[in-house]
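As given, the protein sequences belong to chains H and Y, one line each in that order. Quick note: the first sequence uses this note's numbering, first residue 1, plus one each step. Quick note: the second sequence uses this note's numbering, first residue 1001, plus one each step.
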Amino acid sequence: MTNRWGLPHLGYGVGLRTVHYAEILSRWPAVDFFEAITENFLDTGGRPLHILDRVAERYPVVLHGVSLSIGSTDPLDLDYLAKVNRLARRVKARWVTDHLCWTGVAGKNVHDLLPLPYTEGVLAHVARRLRTVMDFLERPVFLENPSTYLQFTQSTMTEPEFLSELCERAGTGLLLDVNNVYVSAVNHGFDPVSYIDALPRGRVVQYHLAGHTDKGTHVLDTHSTRPRDEVWDLYAHAVERLGEAATLYEWDEDIPDFATVHAEALKARGLAAGIHREEVAVA
Amino acid sequence: MPEPLTLDLVERWMQTVLVHPESAEAGIQSSPARALIDPGRVSEVVLASGHLTVAERLGIYQEMYLLRMRDALESDYPNLARHLGPHRFWHFVSDYVEAHPSRSYTLNRLGDHVPAFAATWGKRKERGLISDLSRLELALTRVFDAPEDPPVSPEALARLTPEASTELRLSPVAAFALERVRSASLRLLDSPEREVVPREAVPGSRHVHVLFVRKGGQVSRRTLEGAEGHLLEALTSGIPLGRALTRLGRRHRTTRPCEVESWFREWVEEGVFSAASLDPDP
């Protein structure tokens, strides 16, 4: 089964993290795919790249970047893109993703996924740059909805409206981070279910699941815990509404052993299978 | 007539606010931010929420900026961080990123200027030591990340005639570093999480050479005393073997040929050299 870009549903994967290298290399666990953080492997010729090579020999790999800075007003970094291209070819990346955000301007990089105003002008800017990136990489690039802690007064459209239109104009799809939807919904007071419902069916190529931390006045996307029940419920709704797609479980702080992280990915598989069975029964 | 709030203006302003070392509110009020957007116009840029003011919402990003920079630098300079302690290291990071903000897509390059910066920061009497310590940590990171290139084999070197050996130039592998530092800085260098194998520890305050080289995925560290360090430094800087040995003879008159042979055997075994060339001007 492939999607409109001819890409397969890769299944239920886990983020490739340093603390799990020994476990992965010694046991080669039954994981559907691994997602590697692109920038961790761009400027290294040492052990990390050697390990990614070995992983890529046995598992499908997708690359997830944090430095594309698609919304910045700085020129695109072609040196960076050339390195992403080389890495993607080297590990036969099934696809490449990054975020709808900007990470710096005026030649500087603050290494954060900063929010954008959702206006017609910004939409045209991002769509133009995304098409250039995809032409350069000769492959589709899918953007992830960010978790955000502020909104711009100038915004004239909602985030799902912006993303839907971006998909149309750039001919691309989405990496839908369900936890980010939940985090932004709490921080900005919108209904996360309505957000999901406003996205186009058939455009989600991959889902992300993660945990967050409640800070009282806002919630932070910390990737430090299991997803809460509300996020699982939202994921189930997204799969039902937008379709099943490769799902990855992210854990980046206080990372537990590999089996614990993998178990969360398998939970997503069980959930999606249940939804699929219900759909078949109804049909 | 106020300037239109273009995306470029908003991004430049927001970045200026977020990298302010004190707070988002201080950032909004700072001269560089005021030059972009007047503090009276911030509500035209960012919406307050039910729980948080505009400055508090910006503050979430502003607080994470320095934390992220600290974590990145601590990852590359764990011993410098431990030596300075959390409070002083925080100030070191704050001062450092103000002077050397990241200009790369990767945080791996953020700490490239730390040794030079450390030589100018903090207590004068301590500067040399923390600069040396950070040079060692930077060398270690670079050796970890360097590409793999095959070392020259002992057999290839053995095929050279004694006459040719005089003109021999040796190139180090990419995953190699040689630093001349105060030996006291070595006592501060202890990175168990990097899987480094310290072969020996050198007490005292004199200068020594420290060799880092990666072979088969494993980085080893070794302290080279006097003559051995000077000879390896000369050779890996491109000086032909004959001239390097003449220099060594002048500087270390008691060095015996059997010692030099023993060093060479060890360097080749460690995988220090990637190529041997007879080209007079490579």
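Glycine included, every Cβ here is placed at the ideal spot set by N, Cα and C.
Check                                                                                                                                                                                : Outcome
Using a Cβ-Cβ distance cut-off of 8 Å, determine whether P117/H contacts chain C.                                                                                                    : Absent here is chain C; the protein component of the structure consists of chains H and Y.
Who are S1171/Y's beta bridge partners in DSSP?                                                                                                                                      : A1275/Y
Do L1058/Y and A1026/Y have their C-beta atoms closer together than 8 Å?                                                                                                             : no
With DSSP as the reference, label I24/H as helix, strand or coil.                                                                                                                    : helix
CA-CA distance, V1019/Y and A22/H?                                                                                                                                                   : 37 Å
Under three-state DSSP, which class holds P8/H?                                                                                                                                      : strand
For A284/H, decide whether its Cβ has a neighbour in chain Y, counting only Cβ atoms nearer than 8 Å.                                                                                : No answer is possible for residue 284/H: the residues shown for chain H start at 1 and end at 283.
Determine, for A1034/Y, whether the minimum Cβ-Cβ distance to residues of chain H falls below 8 Å.                                                                                   : According to the sequence as given, residue 1034/Y is Arg; it is not Ala. It does not; no Cβ of chain H falls within 8 Å.
Taking the alpha-carbon positions, what's the E1270/Y to K1215/Y distance?                                                                                                           : 7 Å
So within the stretch 214-254 of chain H, which uninterrupted alpha helix (DSSP H) runs reach at least 4 residues, ignoring any that extend past its ends?                           : 229-242
By the 10 Å Cβ neighbour count, where 16 or more other Cβ atoms means buried, how is G1204/Y classified, buried or exposed?                                                          : Because G1204/Y carries a pLDDT of 49, less than 50, the predicted location of this residue cannot be relied on, and the following value inherits that uncertainty. Counting Cβ neighbours within 10 Å, G1204/Y comes out exposed, since fewer than 16 surround it.
In the DSSP assignment, find the beta strand (DSSP E) that holds R1182/Y and state where it starts and stops.                                                                        : 1176-1182
From which residue to which residue does the alpha helix (DSSP H) around K1125/Y run?                                                                                                : First-last for K1125/Y: undefined, no H or E at that position.
What separation, rounded to the nearest whole angstrom, lies between the Cα atoms of D254/H and G1040/Y?                                                                             : 41 Å
DSSP three-state label for S1134/Y, please.                                                                                                                                          : helix
Tell me the residue span of the beta strand (DSSP E) that contains H99/H.                                                                                                            : 96-99
Does the beta-carbon distance from R1127/Y to A1118/Y come in below 8 Å?                                                                                                             : yes
Would you grab the beta carbon distance between D221/H and S147/H for me? Rounded to a whole angstrom, and I think it's under 8 Å.                                                   : 4 Å
If you drop the 5 nearest sequence neighbours on each side, which residues of the same chain put their C-beta closer than 7 Å to that of L1133/Y?                                    : N1079, L1080, H1083, S1185, L1188, L1189
Pop quiz: V1272/Y and P1154/Y are said to be a contact at Cβ under 8 Å. What is the actual Cβ separation, rounded to whole angstroms?                                                : Incorrect: roughly 12 Å between the Cβ atoms, too far for contact.
Since G1349/Y contacts H1209/Y with CB under 8 Å, what's their CB separation in whole angstroms?                                                                                     : Chain Y is shown only over 1001 to 1282; residue 1349/Y falls outside these bounds and no answer can be derived.
Pick out the complete beta strand (DSSP E) segments inside the stretch 23-76 of chain H, 3 residues or longer, and give them in chain order.                                         : 34-37, 61-64
Can you round the beta-carbon distance between A76/H and T38/H to whole angstroms, since I take them to be within the 8 Å contact cut?                                               : In the sequence as displayed, the identity of residue 76/H is Leu instead of Ala. The Cβ separation is near 15 Å, so there is no contact.
Checking contacts by CB at 8 Å: is A1099/Y closer than that to chain H?                                                                                                              : no
Using C-beta distances below 7 Å, list every residue in its chain close to Y1065/Y, excluding the 5 sequence neighbours before and after it, in chain order.                         : L1018, V1019
Could you name the residues of the same chain whose beta carbon sits closer than 6 Å to that of V181/H, not counting the 5 residues immediately before and after it, in chain order? : P192, Y195
Mapping DSSP to helix, strand and coil, what is V1202/Y?                                                                                                                             : Unreliable positioning characterises V1202/Y in this predicted model, as indicated by a pLDDT of 43, which lies under 50. The coordinate reading is nonetheless provided below. In the structure shown, V1202/Y sits in coil (DSSP, three-state: anything other than H, G, I, E or B).
Could you have a look at Q1029/Y and say whether DSSP puts it in helix, strand or coil?                                                                                              : helix
Leaving aside the five residues before and after W28/H along the sequence, list all residues of the same chain whose C-beta is less than 7 Å from its C-beta, in chain order.        : R58
Excluding the 5 residues flanking H188/H on each side, which residues of the same chain have their C-beta closer than 6 Å to its C-beta?                                             : Q151
Give me the Cβ distance between I70/H and D98/H, rounded to the nearest whole Å; I'm assuming they're in contact under 8 Å.                                                          : 7 Å
Output yes or no for whether 8 Å exceeds the beta carbon distance between W95/H and V62/H.                                                                                           : yes
Near D1149/Y, which residues of its chain fall below 6 Å by C-beta distance, leaving aside the five closest residues on each side in sequence?                                       : V1173, A1174, S1274
Is it the case that the Cβ atoms of F136/H and L175/H are separated by a distance below 8 Å?                                                                                         : no
If you count every other CB in all the chains shown that lies within 10 Å of the CB of G65/H, and 16 or more means buried, which is it?                                              : buried
Can you give me the C-alpha to C-alpha distance between S26/H and V1054/Y, rounded to a whole angstrom?                                                                              : 50 Å
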